[in-house]
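For the record, the sequence lines run as chains A and B.
FYI, the working numbering numbers position 162 of the first sequence as 162, with every residue one higher than the one before it.
FYI, the working numbering numbers position 96 of the second sequence as 1096, with every residue one higher than the one before it.
Number of protein chains: 2
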Amino acid sequence: MKLYDSALAPNPRRVRIFLAEKGLEIEKVPVDLAKAENRSPEFLAKNPLGGVPVLELDDGTCLAETVAICRYFEETRPDPPLMGVDALDRARVEMWNRRMEFEVFLPIAQVFRNTHDFFKGRIPQVPAWGEVCREAAEKRLAWLDEVLGERPFIAGERFTIADITALCGIDFGRVTGIRIGSDQKNLARWHEAVSGRPSAGA
Amino acid sequence: MKLYDSALAPNPRRVRIFLAEKGLEIEKVPVDLAKAENRSPEFLAKNPLGGVPVLELDDGTCLAETVAICRYFEETRPDPPLMGVDALDRARVEMWNRRMEFEVFLPIAQVFRNTHDFFKGRIPQVPAWGEVCREAAEKRLAWLDEVLGERPFIAGERFTIADITALCGIDFGRVTGIRIGSDQKNLARWHEAVSGRPSAGA
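Here it is as structure tokens:
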């Protein structure tokens, strides 16, 4: 089994942290996004959409999409649980992970895609959309600060995939100047705690 | 238990179809989005982000996010399975559902949000971004037509949540003129099949 990986992109980091929290080590194959290796015919045969990460199983089966890969490991290595512990909790963690994806990670990624030089000439950029997403992301960080005033982790008392998604999204925001506000004490406390886990460096 | 619902929005339809496929009937409470009922303090207490659908359990617990609600029902009423039948299959269905969300449903929704009069004055619209999303959605429908040349349903031999996501996304595209191309025979065959299931009218 191997993971097609990139040190630069935020999605592969989500899987690496997830694996580290599970205590799993698997072979990683770096994909050079700057050289568009993810657009090569060999890579597109593994994932026709060209995204990383991709998990290749020993029989050649390829799984794309970050959370699909995480789900595979949650199913095959349940401990420690990172996606909930019973029916309602699994639904709650799904809700919070999706909120972190759609309200934090995605707008921050859209700012990068639509305003950063890396994507100039690679994709059609709409800077005005990047600015709408920047405002949306900053508003959501303020909301997240309130949420984290009520509990230690995003989905409750326990570290979950929702914390991983938020951490990777927020850290990726640095590239485009999106940061935790100096008045966002709860968010800063949470960020320090999750960044201090050994998995954060994976 | 009750579902806060809207007949106009595509996300609540995903949950209604999911429930119909499971053979579940639950109380539905209509939320008038045109009158911004989803922005009322009462509704924001159920979902601070203001989105529909929301599932309210009998103890008052509220679950937001379409797929989180579906997961709750998949866990509590496993038959028929709509999110996979074993570890690898659940990961594959997750992959395909996410591809349908991020590559089909989301760009189609972005075309609506950024170009349609409904959202004028409600949110900051960036029509140029809507046009980028329109091209992306049309390109993905062509890809989906190829995918459906190889199998009856999006994730394989079985109807799953990925079909529901794609159906609700594609049907929502009609409002902004996004349609299955006359040359997309596989996609048209699939669309006729899934639209013909009793659940599609839910």
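Think of the CB as a built atom: it goes at the ideal place given N, C-alpha and C, for glycine as much as any other residue.
Minimum C-alpha distance to residue i - residue among the options
i, options, result
"residue 1030 (chain B)", "B:1053, B:1113, B:1060", "B:1053"
"residue 15 (chain A)", "A:60, A:186, A:180, A:160", "A:160"
"residue 1122 (chain B)", "B:1174, B:1129, B:1113, B:1063", "B:1113"
"residue 1175 (chain B)", "B:1005, B:1003, B:1010", "B:1010"
"residue 1021 (chain B)", "B:1043, B:1039, B:1079", "B:1079"
"residue 1085 (chain B)", "B:1065, B:1038, B:1157", "B:1157"
"residue 137 (chain A)", "A:115, A:62, A:169, A:190", "A:169"
"residue 1095 (chain B)", "A:72, A:140, A:23", "A:72"
"residue 150 (chain A)", "A:67, A:186, A:115", "A:186"
"residue 50 (chain A)", "A:58, A:183, A:61, A:37", "A:37"
"residue 47 (chain A)", "A:35, A:34, A:62, A:33", "A:62"
"residue 1133 (chain B)", "B:1119, B:1105, B:1152", "B:1105"
"residue 1124 (chain B)", "A:120, A:135, A:118, A:44", "A:135"
"residue 163 (chain A)", "A:5, A:189, A:139", "A:189"
"residue 1200 (chain B)", "B:1144, B:1155, B:1166, B:1184", "B:1166"
"residue 58 (chain A)", "B:1193, B:1088, B:1076", "B:1088"
"residue 24 (chain A)", "A:42, A:102, A:77", "A:77"
"residue 1131 (chain B)", "B:1102, B:1148, B:1115", "B:1115"
"residue 203 (chain A)", "A:91, A:140, A:196", "In the structure as shown, chain A begins at 1 and stops at 202. Residue 203 (chain A) is therefore absent and cannot be evaluated."
"residue 1035 (chain B)", "B:1119, B:1103, B:1142, B:1090", "B:1119"
"residue 152 (chain A)", "A:194, A:142, A:143, A:117", "A:194"
"residue 196 (chain A)", "A:17, A:5, A:41", "A:17"
"residue 1143 (chain B)", "B:1060, B:1103, B:1182", "B:1103"
Bridge-paired residues (DSSP) for residue i
i, result
"residue 993 (chain B)", "Residue 993 (chain B) cannot be examined here, being either before or after the span of chain B that is shown, 1001 to 1202."
"residue 56 (chain A)", "A:2, A:62"
"residue 27 (chain A)", "A:2"
Segment limits, alpha helix (DSSP H) that includes residue i
i, result
"residue 1094 (chain B)", "1087-1100"
"residue 1022 (chain B)", "1010-1022"
"residue 1048 (chain B)", "Residue 1048 (chain B) -> no alpha helix (DSSP H), and no H or E assigned at all."
"residue 110 (chain A)", "106-115"
"residue 172 (chain A)", "161-172"
"residue 127 (chain A)", "127-147"
"residue 192 (chain A)", "185-195"
Cβ-Cβ separation, residue j to residue i (assumed contact under 8 Å), whole Å
i, j, result
"residue 1180 (chain B)", "residue 1191 (chain B)", "6 Å"
"residue 1093 (chain B)", "residue 1083 (chain B)", "5 Å"
"residue 2 (chain A)", "residue 74 (chain A)", "At roughly 19 Å, the Cβ-Cβ gap does not stay under 8 Å, so residue 2 (chain A) and residue 74 (chain A) are not in contact."
"residue 128 (chain A)", "residue 1126 (chain B)", "5 Å"
"residue 108 (chain A)", "residue 173 (chain A)", "5 Å"
"residue 1019 (chain B)", "residue 1202 (chain B)", "7 Å"
"residue 27 (chain A)", "residue 1098 (chain B)", "The pair is not a contact, with the Cβ atoms about 24 Å apart (cut-off 8 Å)."
"residue 44 (chain A)", "residue 8 (chain A)", "In fact, because the Cβ distance is near 19 Å, the residues do not count as touching under 8 Å."
May I ask you to list, following chain order, the residues of the region 1087-1102 of chain B that have a beta carbon less than 9 Å from some beta carbon of chain A? 1087, 1088, 1090, 1091, 1092, 1093, 1094, 1095, 1096, 1097, 1098, 1099, 1102
Below 7 Å between beta carbons is the criterion; list the residues of the region 1124-1137 of chain B that meet it against any residue of chain A, in chain order.
-> 1124, 1126, 1128, 1129, 1132
Interface positions of the region 1058-1085 of chain B facing chain A (Cβ-Cβ less than 8 Å), listed along the chain: 1061, 1063, 1064, 1065, 1067, 1068, 1069, 1071, 1072, 1075, 1076
Checklist entry - Of the residues that make up the region 33-54 of chain A, which ones have a beta carbon closer than 9 Å to any beta carbon in chain B? => result 48, 49
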